[in-house]
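Novice:
There are 2 protein chains.
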Amino acid sequence: MLDERKRLVLRAVIEDYVETAEPVGSRTIARKHNLGVSPATIRNEMADLEETGYLHQPHVSAGRVPSDKGYRFYVDVLMEPHTFSEREYGVIYREISGYYREMERLIREATRLLALLTQSISVVVAPRMDRLVFKHVQLVLLDENSILVILVLQPGIVKNKLIKTEQSYSPAQLHEISTALNQKLKGITYRELGPTVFSEIIRDFGEIGTVLVELVFRGLTEDKGEQVYSSGTANILQQPEFQDVDRARVLLEILDEKERLLSLLSDASKSRGVHIAIGHENPHEEMQDCSLVTSTYHVGRDVVGTIGVIGPTRMEYARVVSLVDLIASSLSELLTELK
Amino acid sequence: MLDERKRLVLRAVIEDYVETAEPVGSRTIARKHNLGVSPATIRNEMADLEETGYLHQPHVSAGRVPSDKGYRFYVDVLMEPHTFSEREYGVIYREISGYYREMERLIREATRLLALLTQSISVVVAPRMDRLVFKHVQLVLLDENSILVILVLQPGIVKNKLIKTEQSYSPAQLHEISTALNQKLKGITYRELGPTVFSEIIRDFGEIGTVLVELVFRGLTEDKGEQVYSSGTANILQQPEFQDVDRARVLLEILDEKERLLSLLSDASKSRGVHIAIGHENPHEEMQDCSLVTSTYHVGRDVVGTIGVIGPTRMEYARVVSLVDLIASSLSELLTELK
DNA sequence: TTTAGCACTCATCTTCATTGAGTGCTAACA
DNA sequence: TGTTAGCACTCAATGAAGATGAGTGCTAAA
Numbered sequence: 001m002l003d004e005r006k007r008l009v010l011r012a013v014i015e016d017y018v019e020t021a022e023p024v025g026s027r028t029i030a031r032k033h034n035l036g037v038s039p040a041t042i043r044n045e046m047a048d049l050e051e052t053g054y055l056h057q058p059h060v061s062a063g064r065v066p067s068d069k070g071y072r073f074y075v076d077v078l079m080e081p082h083t084f085s086e087r088e089y090g091v092i093y094r095e096i097s098g099y100y101r102e103m104e105r106l107i108r109e110a111t112r113l114l115a116l117l118t119q120s121i122s123v124v125v126a127p128r129m130d131r132l133v134f135k136h137v138q139l140v141l142l143d144e145n146s147i148l149v150i151l152v153l154q155p156g157i158v159k160n161k162l163i164k165t166e167q168s169y170s171p172a173q174l175h176e177i178s179t180a181l182n183q184k185l186k187g188i189t190y191r192e193l194g195p196t197v198f199s200e201i202i203r204d205f206g207e208i209g210t211v212l213v214e215l216v217f218r219g220l221t222e223d224k225g226e227q228v229y230s231s232g233t234a235n236i237l238q239q240p241e242f243q244d245v246d247r248a249r250v251l252l253e254i255l256d257e258k259e260r261l262l263s264l265l266s267d268a269s270k271s272r273g274v275h276i277a278i279g280h281e282n283p284h285e286e287m288q289d290c291s292l293v294t295s296t297y298h299v300g301r302d303v304v305g306t307i308g309v310i311g312p313t314r315m316e317y318a319r320v321v322s323l324v325d326l327i328a329s330s331l332s333e334l335l336t337e338l339k
Numbered sequence: 340m341l342d343e344r345k346r347l348v349l350r351a352v353i354e355d356y357v358e359t360a361e362p363v364g365s366r367t368i369a370r371k372h373n374l375g376v377s378p379a380t381i382r383n384e385m386a387d388l389e390e391t392g393y394l395h396q397p398h399v400s401a402g403r404v405p406s407d408k409g410y411r412f413y414v415d416v417l418m419e420p421h422t423f424s425e426r427e428y429g430v431i432y433r434e435i436s437g438y439y440r441e442m443e444r445l446i447r448e449a450t451r452l453l454a455l456l457t458q459s460i461s462v463v464v465a466p467r468m469d470r471l472v473f474k475h476v477q478l479v480l481l482d483e484n485s486i487l488v489i490l491v492l493q494p495g496i497v498k499n500k501l502i503k504t505e506q507s508y509s510p511a512q513l514h515e516i517s518t519a520l521n522q523k524l525k526g527i528t529y530r531e532l533g534p535t536v537f538s539e540i541i542r543d544f545g546e547i548g549t550v551l552v553e554l555v556f557r558g559l560t561e562d563k564g565e566q567v568y569s570s571g572t573a574n575i576l577q578q579p580e581f582q583d584v585d586r587a588r589v590l591l592e593i594l595d596e597k598e599r600l601l602s603l604l605s606d607a608s609k610s611r612g613v614h615i616a617i618g619h620e621n622p623h624e625e626m627q628d629c630s631l632v633t634s635t636y637h638v639g640r641d642v643v644g645t646i647g648v649i650g651p652t653r654m655e656y657a658r659v660v661s662l663v664d665l666i667a668s669s670l671s672e673l674l675t676e677l678k
């Protein structure tokens, strides 16, 4: 592995490069971080670091730039987590919790804040319906043949769908169906809705059962209601790596397309906690000079969504990781309280 | 006013410039649009058009570029509306109507399509709650002290809000309150909810009445639930006028901020039908090299929202105007059907 | 009134030299 | 053996100078 001095040099290069966005030379390092050795020694170390793939040189007479491998080593080993003071923590928490009543705004506010604090693009996947527990189901008769189905899910999320039926129902009938449905569904999650439950509903409630299963339950399990939001797209245009409009464009195009954005985040949502994908570790070709820092968020103990930051590989990892972590856990806390 | 030939020249300059984004010279016009006169004559005409402010010359040895005044004359007088074939119309209508069941998706789909077809940014203001007619109000008891308020508004829009009360209510009580509320509200709009209705509700329903008014009705009339969406932000980065990243950034920053975007669209939503703001006609300084083409959309006869396109002043006005018009009216039609 | 001709302007492109940050290598030193 | 000073070398970036050409305005003739 890398010896102590190599680590110091690597770290110095990364931190300098993150700050300036310019290839960093041996002299600069000798001057700024006094390692007690001369530029020449640092040059030797840098040559070694380049040979082992941690650094890379844009051209022979330029300074060094960290490679993806270099960043990876940095986030895994070198980086010291940024810590927030009680006060900062409080500010962030309060900022989000102002919206605690409505889940969607809560989530939007969390992304907005994350984008603001990191000066990068922030993305979030809203809670996956199929992970949530039913709390209440209710059918409301609007007129002759239209019925409003209301589903209340565990963290206070309300979904509704208007359905049309051939047959008409009386309020009393609907009430009865509502009660029966409630008994059947209360406390289980979408994911647990298997074919058995579906056929029971169809059997027990006739036409309305069929419509319910088709439109409401199947529909919602299929698209899972996965909403993706992003915020702060303008921020990355400040970064020097996106002065080239074309590069910025391909990134924004991904953000405009929900599916691609979702597939981008799907990897990260598998593991718990903060997940970092640096440059080429990223499956999407267009994203290979970007890094992605994400974290899952929870309702109680269940992972329900993902929130994260997209920025250039040259990123203040320590800060961003801590912010993502902090905001994800604030969000989890608030959503769990909504419960 | 402008004589026939000047109009032809102006039109030629605009259409050429829209296509190429390069200042257009007298020769080019003589070659492409055969007006039957020599470049020298066209030069004279162009000199006149410049003097009267319709054209403008970036520097003395460049061709001419249309001024805002020039574009204004073009959209008001010269432009021939683009017409769509039955087939094109059908495609567009079907494309949107695939989502007719859910208002929000309907609106999002309309913007997505508009952005795609114009290769510009498309924005939409979702229906203003205060313009919509109440259809149904229902209170559902979730547990001890939490009550779900469901409001169904005319074009099938459902709003809900969770409220907490000190006092606890029985299902029967809630049913009674629901019925009474329904009678009071059915058929009127948010806007018509005056202080009288508020105090009646507070008087009649005690604690729950107060909470209802505060949280639900006042809350909703205040923020009006005005949602703004945008789509196709990546598109403008293709336009040559936005190769300068800074210019693109200020525009994207506006789009990231809901309030600014709303204020941008507020002018347009006053008049019915298609509204065009060219360059400096636009109040926002950052938008003064952009044009905005918007149209209102309706539920029945009531204007409920605005949809439009943001692009560089150099814009295919004829096409964009027709598309905005077409999509706004398709949207109106579909929303009215949802009713 | 229109047009051909011509001198003039000026952004853009190309070329070429200059600059300077940064390197690798070598030899001397601790 | 590891460290450092010195030096030649590389190469992107900057800028000046010249060439190019698209386009104009003006004048005089048709």
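Chains as they are written, first to last, in this note's numbering: chain V, 1 to 339; chain C, 340 to 678.
Ideal Cβ positions, reconstructed from N, Cα and C, are used throughout, including at glycine.
Given that a residue counts as buried once 16 or more other Cβ atoms are within 10 Å of its Cβ, and exposed if not, what is M46 (chain V)?
Specialist: That one is buried.
Novice: Check distances from the C-beta atoms of the segment 228-243 of chain V to those of chain C and list, in chain order, the residues that come in under 8 Å.
Specialist: Under the 8 Å Cβ criterion, the segment 228-243 of chain V contributes S231, G232, T233, A234, L237, Q238, F242, Q243.
Novice: For P171 (chain V), count neighbouring C-beta atoms within 10 Å of its own C-beta (all shown protein chains included) and say buried if the count is 16 or more, exposed if not.
Specialist: So P171 (chain V) ends up on the exposed side.
Novice: Taking all protein chains shown into account, do 16 or more other C-beta atoms lie within 10 angstroms of the C-beta of Y413 (chain C), making it buried, or fewer, making it exposed?
Specialist: By the 10 Å Cβ count, Y413 (chain C) comes out buried.
Novice: For N160 (chain V), which residues in chain C fall below 8 Å Cβ to Cβ?
Specialist: Chain C residues near N160 (chain V): I489, V497, N499.
Novice: Got a sec: is the Cβ-Cβ distance from A172 (chain V) to anything in chain C below 8 Å?
Specialist: For A172 (chain V), the answer is no, since every Cβ of chain C falls outside 8 Å of its Cβ.
Novice: Have a look at V:L252, V:V152, V:I163 and flag the residue whose alpha-carbon is nearest the alpha-carbon of N499 (chain C).
Specialist: For N499 (chain C), the nearest C-alpha among the options comes from V:V152.
Novice: For the segment 248-278 of chain V, enumerate the residues whose C-beta is nearer than 7 Å to any C-beta of chain C, in chain order.
Specialist: Those residues of the segment 248-278 of chain V that come within reach of chain C (Cβ to Cβ, closer than 7 Å) are A248, R249, L252, E253, D256.
Novice: With H, G and I counted as helix, E and B as strand and the rest as coil, what does DSSP make of M289 (chain V)?
Specialist: Before going further, note that residue 289 (chain V) is Asp rather than Met in the sequence given. Of the three classes helix, strand and coil, the one that applies to D289 (chain V) here is coil, per DSSP.
Novice: What are the boundary residues of the beta strand (DSSP E) that includes T645 (chain C)?
Specialist: Where T645 (chain C) is concerned, the enclosing beta strand (DSSP E) stretches over 641-651.
Novice: Evaluate the contact criterion for the segment 567-581 of chain C versus the segment 446-453 of chain C: three or more CB pairs, one atom per stretch, below 8 Å.
Specialist: The segment 567-581 of chain C vs the segment 446-453 of chain C: in contact.
Novice: Using a Cβ-Cβ cut-off of 7 Å (strictly less than) and excluding sequence neighbours within five positions of S26 (chain V), which residues of its own chain qualify?
Specialist: P39, I42, R43, M46.
Novice: In the DSSP assignment, the beta strand (DSSP E) including F473 (chain C) goes from what residue to what residue?
Specialist: Residues 473-482.
Novice: By the 8 Å beta-carbon criterion, what residues does the segment 461-477 of chain C contribute toward chain V?
Specialist: For the segment 461-477 of chain C, which is checked against every Cβ of chain V, the residues closer than 8 Å are K474, H475, Q477.
Novice: Using a Cβ-Cβ cutoff of 7 Å, what residues of the segment 64-87 of chain V are near chain C? List them in chain order.
Specialist: Against chain C - using a Cβ distance shorter than 7 Å - the segment 64-87 of chain V contributes no residues.
Novice: Would you decide whether Q121 (chain V) is buried or exposed? Buried here means 16 or more other CB atoms lie within 10 Å of its CB.
Specialist: Here residue 121 (chain V) turns out to be Ile, not Gln, going by the sequence shown. Burial call: buried.
Novice: Which partner residues does L55 (chain V) have in the DSSP bridge list?
Specialist: According to DSSP, L55 (chain V) bridges with V:P66.
Novice: What in chain V is Cβ-close to L445 (chain C), meaning under 8 Å?
Specialist: Within chain V, no residue comes near L445 (chain C); the closest Cβ sits about 13 Å away, beyond 8 Å.
Novice: At the level of alpha carbons, what is the spacing between L603 (chain C) and P622 (chain C)?
Specialist: Cα to Cα, the separation comes out at about 8 Å.
Novice: Assign N34 (chain V) to one of two classes, buried (16 or more other C-beta atoms within 10 Å of its C-beta) or exposed (fewer than that).
Specialist: N34 (chain V) is exposed by the Cβ-count criterion.
Novice: Report the start-end ranges of each alpha helix (DSSP H) in the segment 407-478 of chain C that is 4 residues or longer and not cut off at the edges.
Specialist: The segment 407-478 of chain C contains these whole alpha helix (DSSP H) runs: 407-412, 425-436, 442-457.
Novice: Can D469 (chain C) and Y529 (chain C) be called in contact, C-beta distance under 8 Å?
Specialist: Result yes, Cβ atoms of D469 (chain C) and Y529 (chain C) sit closer than 8 Å.
Novice: So, with DSSP's three-state summary, where would you put S569 (chain C)?
Specialist: Of the three classes helix, strand and coil, the one that applies to S569 (chain C) here is strand, per DSSP.
Novice: With DSSP collapsed to three states, give me the class of S485 (chain C).
Specialist: S485 (chain C) falls in the strand class under three-state DSSP.
Novice: Does the segment 645-658 of chain C come into contact with the segment 574-581 of chain C, if we say contact requires no fewer than three beta-carbon pairs (one atom in each stretch) closer than 8 Å?
Specialist: Verdict: yes, contact present.
Novice: Considering K184 (chain V), what are the terminal residues of the alpha helix (DSSP H) in which it resides?
Specialist: From DSSP, the alpha helix (DSSP H) with K184 (chain V) extends over 171-185.
Novice: Figure out for me which residue from C:I615, C:V643, C:V638 has the closest Cα to the Cα of R411 (chain C).
Specialist: When only C-alpha atoms are compared, the closest one is C:I615.
Novice: For the structure I just gave you, are there three or more beta carbon pairs, one from the segment 17-24 of chain V and one from the segment 79-99 of chain V, closer than 8 Å?
Specialist: No: fewer than three Cβ pairs fall under 8 Å.
Novice: Indicate the three-state DSSP secondary structure (helix, strand or coil) for I617 (chain C) in the structure shown.
Specialist: Looking at I617 (chain C) - three-state DSSP - the assignment turns out to be strand.
Novice: Any beta carbon from chain V within less than 8 Å of V479 (chain C)'s own beta carbon?
Specialist: It does; some Cβ of chain V falls within 8 Å.
Novice: So is D204 (chain V) buried or exposed if we call it buried at 16+ other beta carbons inside 10 Å?
Specialist: That one is exposed.
Novice: When you compare the CB positions of D68 (chain V) and H280 (chain V), do they come within less than 8 Å of one another, or not?
Specialist: For D68 (chain V) and H280 (chain V), yes; Cβs fall inside 8 Å.
Novice: Once you ignore the five residues that flank S436 (chain C) on each side, which residues in its own chain have a CB closer than 7 Å to its CB?
Specialist: L673.
Novice: Would you verify that the beta carbon of V245 (chain V) is, or is not, closer than 8 Å to some beta carbon of chain C?
Specialist: At least one chain C Cβ lies under 8 Å of V245 (chain V).
Novice: Run through the DSSP bridge pairs and tell me what V663 (chain C) is partnered with.
Specialist: BP columns for V663 (chain C) are empty, so no partner.
Novice: Can you tell me whether I254 (chain V) is buried or exposed, with buried defined as 16 or more other CB within 10 angstroms of its CB?
Specialist: Buried is the call here.
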